[in-house]
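Quick note: the sequence shown uses my numbering, first residue 69, plus one each step. Using N, Cα and C, we set each Cβ at its ideal position, and we do this for glycine too.
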Amino acid sequence: ETFTDTQWQAIFDEGDHLLVSASAGSGKTTVLVRRVIEKLKSGVGVDELLIVTFTEAAAKEMKERIQVALEKAVNEESDPERRQHFSRQLTLLPMAHISTLHAFCLAVIRRYYYLIGLDPVFRLLTDETERLLLQEEVWEALRDEKYAENETTFFELTRNFSSDRSDEGLTKVVMALFRFAQAHPHPKQWLQNLAENYQVSTSLAAHPLYQAEIKPAFIETLSHSVYLLQVSLDEMRDQSAFTKLAVLFEEEKNQACHLLEAIKSDQLERAYTLVQQLSFARYAGAPRKEEYKEQAAWLKQQRDAAKENLSAIQSFFTVTPDLMVEQMQKAQPIVTALAELTLEFMVALNQHKKNKGVLEFNDLEHDALAILQGEDQLGSEASIYYRQQFKEVLVDEYQDVNRLQEAILSWVRHTETEVGNQFMVGDVKQSIYAFRLADPTLFIEKYLDYENETGGRRIILAENFRSRSEVLHLTNYIFQQLMDEELGQIPYDQSAELVPGFPNFPESTYFAPELLLYEKGEKEEELLETPDLPEFTFDGKTEGELLMVALKIQQLVQEKFEIYDKKRKENRPVTYRDIVLLAPTRSNNLTLIDIFQKVGIPLEVSDAQNYFQATEVQLMI
């Protein structure tokens, strides 16, 4: 195997916590496995490593790769002692801590359940329907109890969040709040502190939340607007064709500057007045000549971005600061009551699960954390055991870890006074699990801190060994337009770009990326003529797009479009099995299958929905 310098660094570096920012196709799994193998070769036992993966499939693949490498080491090693060491690792491998974090938490609970007084005989709720029914049962019982007691606060909450017809609105709010609380290391404390953000005694400007979060965001947003408009003015300087447009940009820059000064000096009443006076004239005055067309379009883009920032500030100042304070003071008791109700539901649900002898996946994390940190939250015998046991803690897909999971990891890795031993791999650009309450800011915080070697070090794997340079150039271009610090909290700069890493792919116009556009005709029923399908008729835009894709695939195969075969290490003609279709939704799977069958392209679709709507089943019915 050959590796780049940064890959070797990720394989061998130690002596500190390490964050590896690995772009798509950069070989992160190969690097992670090789790092583990090198640890084992240096004498570390596989039972002295904690390897956390995001999925069970990834853990299984990791174990299989390590097993293959160990078997090879046993066969090739001539030294009897080392061969015995590798053989022992093969024996220990099935029991090694190579798993999802949930599976590790389960192992912690099985071993140390007595530290939190947990009954060791429990059943894990793996069925989503059963889990939801259990929650619904507890919530309905609590809700009925509140109605029976004629509790005033509960009725106020119901009126505030629900309609006259049902109290479903309150149910949704409580469940959402419960879900958010469960992603925190200390959910009860988080709920109890929730209303603190609504405590305003004097002015909005003096509020800690405003000073810590809102004000810095305003300053950053307004500064960016001023910058965009100033850069545009610099671009127009000394060009008489843009004189009229420059006046417009100057006026809007002055508006942004005055507002920025008011925000910086905490003059929120003045800021409110200035926001009400904000005006954006029609974009006029740009020269119409062809020679200025590109420049004028760029200037409009800059101005639109500045306007969007200012509009975001406008959406905050919909009422006066004094009225905001009044609204927050009125909201505080409502938020307090809502948090208390959610906490009641949480306690009742936990008791109900305890009575039934069941645990949810989320309970595994909370119980494991309770075991590890101990009653005094200073660390238990379990934490001491794992910190001594694990020489290194390796975490895959670190961008998808949440605060609760990070807290668990903090009790099994070395303490701050010891040599760092946590190895984290991920890519914040690939963080797609916010709906599961993943917290990519954990990755970002370390990414920025470790740049200056504060608390650890970072390694960037930028080379992509999966795609041709033509694909990467296009991807970089698109991401540069879409990703910035405001959107993703990390700028898509040179350090984030995908770099071609495969030397066997010389650039060629033959491999230029294509954008296929389907334009719907005027008739309701579309007709597309092809040599193989002289009268292929279909309805609607979706069918037309899918047929266009199918015909393109057919063309690639028929023309023997060349691709690189990784196993054969040479180019060969593409086959149907080399091609993967990515779709935004599964709802069109049946249509997709139907069209590809008509065109004659073999297709395997995972999880095709609405089985009873399939043509064959409909005919039978």
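Just verifying my parser: in three-state terms, what is the DSSP assignment at R191? If DSSP states are grouped into helix, strand and coil, R191 belongs with the strands.
Length of the line joining the Cα atoms of G447 and L472: Each residue's Cα considered, the two are about 16 Å apart.
Can you tell me which of the three DSSP states P602 falls into? Bear in mind that the predicted position of P602 carries a pLDDT of just 46, short of 50, making it unreliable; the figure below should be weighed with that in mind. In the structure shown, P602 sits in coil (DSSP, three-state: anything other than H, G, I, E or B).
Just the C-alpha distance for D334 and H326, rounded to the nearest angstrom, thanks. Straight-line measurement puts the Cα of H326 at about 12 Å from the Cα of D334.
At which residue ranges does the region 630 to 685 contain complete beta strand (DSSP E) runs of 3 or more residues, listed in the order of the chain? Counting only runs of 3 or more, we get 630 to 633, 638 to 641.
Could you spell out the range, first to last residue, of the alpha helix (DSSP H) harbouring T410? It spans 389 to 424 - the alpha helix (DSSP H) in which T410 sits, taken as one unbroken run.
In this structure, does DSSP put V480 in helix, strand or coil? When secondary structure is reduced to three states using DSSP, V480 falls in the coil class, being assigned neither helix nor strand.
Simplified DSSP assignment, three categories, for T72: In this structure, T72 counts as coil in the three-state DSSP scheme.
Drop a sphere of 10 angstroms on the beta-carbon of Y578, count the other beta-carbons inside from all chains shown, and report buried for 16 or more, exposed for fewer. With fewer than 16 other Cβ atoms within 10 Å, it is exposed.
For F172, the nearest candidate out of D431, Q467, T72 (CA to CA): Of the candidates D431, Q467, T72, D431 places its Cα closest to the Cα of F172.
Contact check, V487 vs G83, beta carbons under 8 Å: Their beta carbons are under 8 Å apart, which means V487 touches G83 by this criterion.
Cβ separation of E318 and L301, assumed to be a contact under 8 Å, to the nearest whole Å: So it is a contact: roughly 6 Å between Cβ atoms.
Give a yes or no on whether the C-beta atoms belonging to F154 and V136 are separated by under 8 Å. F154 is not a Cβ neighbour of V136, given a cutoff of 8 Å.
Extent of the continuous beta strand (DSSP E) to which T121 belongs: For T121, the enclosing beta strand (DSSP E) starts and ends at 117 to 121.
Looking at the structure shown, is L462 part of a helix, part of a strand, or coil, going by DSSP? In the structure shown, L462 sits in a strand (DSSP, three-state: E or B).
Report the three-state DSSP secondary structure of Q335 (helix, strand or coil). Three-state result, Q335: coil.
Any contact between the region 409 to 427 and the region 233 to 246? By contact I mean 3 or more CB pairs, one from each, below 8 Å. Because the criterion of three Cβ pairs below 8 Å is met, the region 409 to 427 and the region 233 to 246 touch.
Could you give the distance in angstroms between the alpha-carbon of V114 and the alpha-carbon of T74? So the alpha carbons of these two residues sit roughly 25 Å apart.
Do you know how far the Cα of K96 is from the Cα of E565? Cα to Cα, E565 sits roughly 16 Å from K96.
Compare the Cα-Cα distances from R455 to each of V539, Q441, A506 and report the closest residue. Nearest C-alpha to R455 among V539, Q441, A506: Q441.
Residue from S230, E196, N657, V393 with nearest C-alpha to H275: Comparing Cα-Cα distances from H275 to each of S230, E196, N657, V393, the minimum goes to V393.
With a threshold of 16 other CB atoms inside 10 Å of the CB of E592, please say whether the residue is buried or exposed. Model confidence at E592 stands at a pLDDT of 46, short of 50, so the residue's coordinates are unreliable; what they give is reported in the following sentence. Burial call: exposed.
DSSP three-state assignment for Q307, whether helix, strand or coil: It is coil, neither helix nor strand.
Which complete alpha helix (DSSP H) runs does the region 202 to 251 hold, if anything under 4 residues is left out? Along the length of the region 202 to 251, whole alpha helix (DSSP H) runs at least 4 residues long occupy 220 to 229, 236 to 250, reported in chain order.
If you follow the alpha helix (DSSP H) that M130 is part of, which residue opens it and which one closes it? Start and end: 124 to 144.
Any idea which residues DSSP pairs A90 with across the strands? As a beta-bridge residue in DSSP terms, A90 pairs with L529.
Measure from the alpha carbon of Q307 to the alpha carbon of each residue in R338, E359, L342, then state which is nearest. The residue with the shortest Cα to Cα distance from Q307 is E359.
What do you get for K620, buried or exposed, if any count of 16 or more other CB atoms within 10 angstroms of its CB means buried? With a threshold of 16 other beta carbon atoms within 10 Å, K620 falls short and is exposed.
With DSSP collapsed to three states, give me the class of Q267. The DSSP-derived three-state label of Q267 is coil.
Please list the terminal residues of the continuous alpha helix (DSSP H) segment that includes H434. 429 to 441 is the extent of the alpha helix (DSSP H) around H434.
Spatial distance of G582 from Q363 (CA atoms): The sequence as given places Glu at residue 582; Gly does not occur at that position. Straight across, the Cα-Cα distance linking E582 with Q363 is about 26 Å.
Helix, strand or coil at H275 according to DSSP, with G and I counted as helix: Reduced to three states, the DSSP call for H275 is coil.
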